[in-house]
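In the numbering used here, the protein residues as written are 129 to 440.
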């Protein structure tokens, strides 16, 4: 069976409200998918929802609901939104689905076993709004925190880290030798400029269950859940693997165990041909994601297509 043209949108945060920007990205992706089909290509078009994280847990608690119940209600709204737009997606991934969890845990275990994940103490600043740790580089010139970070507090805790810095030189060389990896060119230059001017810090990929329980449990340490972005990015890969793309699943041999869900033996989807994303999540997709895949021995997507915001 020949490989399908695989195109994705970014998955949307379930706790947000569908708006024009979401529609814009989905329509861009849909136009490309429909054009490819009109040329006679078999296409696989994926969109979906990111349902884990601190903000979802807190919002569910505020409404007195179980997080899963809360996500079920919101997911129905998002599904109606996609149908209203008449989007021709072939699948709709939700990161709370067992098929996704199985792949995330397999990937984590492999990276841990080969020494690319380690535990270390952390003391520093944390943005509750963005669910991310901050450094002094994130401060404004006057030493304050930009309002976009929301509440920022000092934390001291042990966490699990992915050796992002180990692959920085490789990523620079890869991007320079694959000039269409990020489009348009201005966004490619933005990524290279960042990589060449700053040393990457290893990526914290966990949160202790003492403050966050709504996430995928770290398989080698059940006292932690995985960081929302490590979970979310893997959706692009977890769908082909769970549907029966054996070539995609091969790097996780001995780690991944299929779950009960429809499979299509012989289907070929991975690697992605185009990830369509907004400019605000470029670093996650053009730095974190390719390094995660490289470390696991998984082929990289062909292109990341970056769009601006509707009003900017």
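The beta-carbon is built from N, C-alpha and C at its ideal position, and this holds for glycine as well. All figures in this text were calculated on a predicted structure; none of them were measured in a lab.
Checking 7 Å against the spacing of the C-beta atoms, do residue 342 and residue 195 come in under that value? yes
| said: On the DSSP bridge list, what partners appear for residue 220? | reply: Partner(s): 175.
Using DSSP's beta-bridge definition, name the partner residues of residue 247. 288
Same chain only: Cβ atoms within 6 Å of residue 455, ignoring 5 sequence neighbours per side:
Because the chain spans 129 through 440 in this model, residue 455 falls outside it and cannot be assessed.
Name the one or two DSSP bridge partners that residue 403 has. 136, 432
Can you list, in chain order, the residues of its chain whose CB lies under 6 Å from that of residue 330, leaving out five sequence neighbours each side?
289, 291, 292, 293
Q) Which full runs of the alpha helix (DSSP H) of 4+ residues lie inside the segment 284-342, going along the chain? A) 296-305, 313-325
Next on the checklist: For residue 249, tell me which candidate among 261, 257, 284, 212 has the shortest Cα-Cα distance.
Outcome noted: Considering only alpha carbons, the answer is 284.
What separation, rounded to the nearest whole angstrom, lies between the Cα atoms of residue 212 and residue 191? 27 Å
If you measure between the beta carbons of residue 373 and residue 398, is that distance less than 7 Å? yes
Worksheet item: For the alpha helix (DSSP H) that residue 261 lies in, which residues bound it at each end?
Response: Note, residue 261: premise wrong, no alpha helix (DSSP H); beta strand (DSSP E) at 260-262.
Notebook entry, point to check: What residue range is occupied by the uninterrupted beta strand (DSSP E) comprising residue 352?
Noted result: 352-354
*What separation, rounded to the nearest whole angstrom, lies between the Cα atoms of residue 376 and residue 383?*
13 Å
Express the C-alpha separation of residue 244 and residue 332 in angstroms, rounding to a whole number. 12 Å
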